[in-house]
Amino acid sequence: MAITKEKPADLGLRWIFQSYWGFDRAPSTTDFEAYGKALLICANADGDLAPQERDFAVGLIAGMHGPDELVEELKSYPGTDDLAKVLSRAKGAKESAGCLVYDTIRVCTADGVLADAERRKIEEMADLLDVSRDSVQELIAIYKQERDLVDRRFRVCYPDPQHRPF
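To convert a position in the sequence shown, counted from 1, into the numbering used here, add 999.
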């Protein structure tokens, strides 16, 4: 389909997944649900689903143009379901395993800390999805490097944060 004929929401959805993960199409509703819930289950592994973690997960799913009903559900989802059962409902979980592990690291650190219990839950998820522990460590390192680069970009673009235009 030509870009000029796509609805803006469909264009944005396709662009996000192509740009960030190289996907040709967006996930199914079932895959979106498993992804979003897995993020919160892991973030709640330490018994403290921090508001920043929930906000990041909900914002991520909304930013990826996830279903409106799911976004609303995740706003109050307790993150206490069985991770293996949630992941088993997603057809694309294994194919997107590295992406899910990476996004889970981002969600779990949104409060400034990757708690030991969260790290263990991420490793459990990685085991369920056949992602090696070395890959988990590499994804944590990549996340830290990217965070440093974002901070650096902010400092260069806005040397005086008090004068950001928005």
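Every residue, glycine too, gets a C-beta built ideally from N, C-alpha and C.
* **Through-space distance from Asp1150 to Arg1088, alpha-carbon basis** => So the alpha carbons of these two residues sit roughly 37 Å apart.
* To do: Determine, using beta carbons only, whether Leu1086 comes closer than 8 Å to chain B.
  => Of the protein chains in the structure, only one exists, and it is not chain B.
* Under a three-way DSSP split, which group does Thr1029 fall into? -> The answer is helix: DSSP assigns Thr1029 an H, G or I state.
* **Boundaries of the alpha helix (DSSP H) in which Ala1008 is found, first to last residue** => DSSP places Ala1008 in the uninterrupted alpha helix (DSSP H) bounded by 1007-1020.
* Nearest-angstrom Cα separation, counted from Ser1095 out to Cys1041 -> Between Cys1041 and Ser1095, the C-alpha separation is close to 16 Å.
* Which same chain residues, not among the five before or five after Gly1097, have their C-beta less than 8 Å away from its C-beta? -> Contacts found: Val1130, Ser1134, Leu1138.
* According to DSSP, is Ala1089 helix, strand or coil? -> Three-state result, Ala1089: coil.
* Please state if the CB of Met1124 and the CB of Leu1082 are separated by a distance shorter than 8 Å. => Taking 8 Å as the cut-off, the Cβ atoms of Leu1082 and Met1124 count as close.
* Please look up how many angstroms separate the CB atoms of Ala1116 and Phe1055, rounded, as I've assumed it's under 8 Å. => Wrong, their Cβ atoms sit about 18 Å apart, outside the cutoff.
* Asked: Does DSSP put Arg1118 in a helix, a strand or coil?
  -> DSSP places Arg1118 in helix when its eight states are reduced to three.
* Asked: According to the Cβ coordinates, are Gly1035 and Gly1065 closer than 8 Å?
  -> A contact, by the Cβ cut-off of 8 Å.
* In terms of alpha-carbon separation, which member of Lys1006, Pro1164, Ala1037 lies closest to Lys1093? -> For the set Lys1006, Pro1164, Ala1037, the Cα lying nearest the Cα of Lys1093 is the one of Ala1037.
* If you draw a straight line from the C-alpha of Lys1120 to the C-alpha of Lys1004, how long is it? -> Their Cα atoms are separated by approximately 43 Å.
* Output the boundary residues of the alpha helix (DSSP H) element that contains Gly1058. => Note, Gly1058: alpha helix (DSSP H), 1050-1062.
* Asked: Rounded to a whole number of angstroms, what is the C-alpha to C-alpha distance between Gly1021 and Arg1013?
  -> Distance between the alpha carbons of Gly1021 and Arg1013: 10 Å.
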